[in-house]
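Asks: Per the working numbering: the sequence shown = residues 25 to 283.
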Amino acid sequence: MSNRLLDKRILITGAAQGIGLAIAKAFAREGASLFLIDRDEALLHEEAAKLKGEGYQVGARSADITDAKAIVAAVAEAETEIGRINALVNNAGVNVFSEPLETSDEEWNRCFDINLKGAWNCSKAVLPGLIEQGGGVILNIASTHAFTIIPHTFPYPLAKHALLGMTKSLGLEYAPKNVRVNALAPGYVATQKVIDYWNSFPDPEAAKAETMKLHPGGRIATPEEIAMAAVFMISDECPFMNATCLTVDGGLSVQQHPA
Ligand SMILES: NC(=O)c1ccc[n+]([C@@H]2O[C@H](COP(=O)([O-])OP(=O)(O)OC[C@H]3O[C@@H](n4cnc5c(N)ncnc54)[C@H](O)[C@@H]3O)[C@@H](O)[C@H]2O)c1
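1. With H, G and I counted as helix, E and B as strand and the rest as coil, what does DSSP make of A267?
2. Considering only the beta carbon of each residue, do A8 and G158 sit closer than 8 Å?
3. Can G274 and P247 be called in contact, C-beta distance under 8 Å?
4. Report the start-end ranges of each beta strand (DSSP E) in the segment 169-214 that is 3 residues or longer and not cut off at the edges.
5. Apart from the five residues on each side of it in sequence, which residues of its chain come closer than 8 Å, Cβ to Cβ, to L67?
6. Residues bridged to N110 by DSSP?
7. Heavy atom of ligand 1 less than 7 Å from the Cβ of P228, yes or no?
8. Tell me whether I43, by its Cβ, gets closer than 7 Å to a heavy atom of ligand 1.
9. Determine, using beta-carbon pairs with one atom in the segment 258-271 and one in the segment 127-136, whether at least three such pairs fall under 8 Å.
10. Is the beta carbon of I89 closer than 8 Å to that of L58?
11. Cutting at 6 Å between CB atoms, please list the residues of its own chain near A285, excluding the five before and the five after it.
12. Under 8 Å, with one C-beta from each stretch per pair, do the segment 187-199 and the segment 213-224 reach the 3-pair mark?
13. Quick one: what's got a C-beta closer than 6 Å to E101's C-beta in the same chain, skipping five residues either side?
14. Measuring straight from C-alpha to C-alpha, what distance separates S167 and L276?
15. Let's see if you can read the secondary structure: which residues bound the alpha helix (DSSP H) around D220?
16. My output table needs one value for R53: the three-state DSSP class, helix, strand or coil.
17. Whole angstroms are fine: how far does the CA of H169 sit from the CA of A253?
18. Which residues does DSSP pair with V82 in a beta bridge?
19. Considering only their Cβ atoms, is the gap separating A233 from G211 smaller than 8 Å?
20. Using DSSP with H/G/I as helix, E/B as strand and the rest coil, what is G44?
21. Of the choices Y80, L151, H185, whose alpha-carbon is the least far from that of I173?
22. Just how far apart, CA to CA, sit T37 and G142?
23. With a threshold of 6 Å on Cβ separation, who are the neighbours of G55 within its own chain once the five nearest residues in sequence on each side are excluded?
24. Does the distance from the C-beta atom of A199 to that of N266 stay below 8 Å?
25. Helix, strand or coil for N139? Go by DSSP, reduced to three states.
Right under this line is the structure:
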């Protein structure tokens, strides 16, 4: 622990598991105060209690990021519990993978409501406070799907492309107010979401082996490897990094095809 996030009061969405939880743990170790949001109430409170038990300053509230009113209420509660929020990690997201012509309106709406509008709901709820305080940071967890396409994963990549657009738009809009807005683009990360993806194939072990083979290093990322990049991006170590995207994918997205 080196207190790289001392004085940061950070709201993290989708923090009950996976990348969001790894980010919460890494941020706590770096001295941040945290307020965690997730729609999985039981898991969220279990994980928040563990962190509190380790002596970290952590508040939590179950909320769905698609519910703008619930998010405004959560931000108000966060401010009472840990003080004024000065950073936000928009991490909550879901895979909605289909073939374009087979995608239902319900799937389309769920994809955009969570992966794009949810991030906007949270950004909108904290931005006035960041501006009033003279600055702050928003970090959007995008994906390599924000700039590349895998067939049959429609419309998830569209929402992640748009999230990258929102990152650039808000980053430019609020740069004069000292608010930095960036995106972090992981490739495959070992979370339940990816395990579920492998399990959707008739032979999950073969699907897993296929994924590993795609990567130049022969493996996918751990959630902790994504969290380490997030620490840097939220910290004051990169004050001129704004409206951009940091890719953390082991080289996956720049290779033309595996050797
Ligand atoms: N795992 C990967 O390979 C990978 C790769 C690139 C990007 N990402 C992105 O990283 C983020 C986290 O992914 P993960 O793999 O850790 O996922 P995960 O499924 O392990 O965890 C996501 C968490 O978000 C919560 N959540 C989902 N919808 C919500 C909502 N509407 N309101 C509140 N909470 C909600 C879930 O309850 C869950 O706890 C997502 O935005 C995802 O798109 C993941």
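Positions of the beta carbon are idealized from the N, C-alpha and C atoms, including for glycine.
Replies: Quick answer:
1. coil
2. With the chain represented from 25 up to 283, any question about residue 8 goes unanswered, as that position is not in the structure.
3. no
4. 203-210
5. A40, Q41
6. BP columns for N110 are empty, so no partner.
7. no
8. yes
9. no
10. no
11. The chain is shown only over 25 to 283; residue 285 falls outside these bounds and no answer can be derived.
12. no
13. R85
14. 12 Å
15. 216-223
16. helix
17. 18 Å
18. L58
19. no
20. helix
21. H185
22. 10 Å
23. N27, L29, L30
24. yes
25. helix
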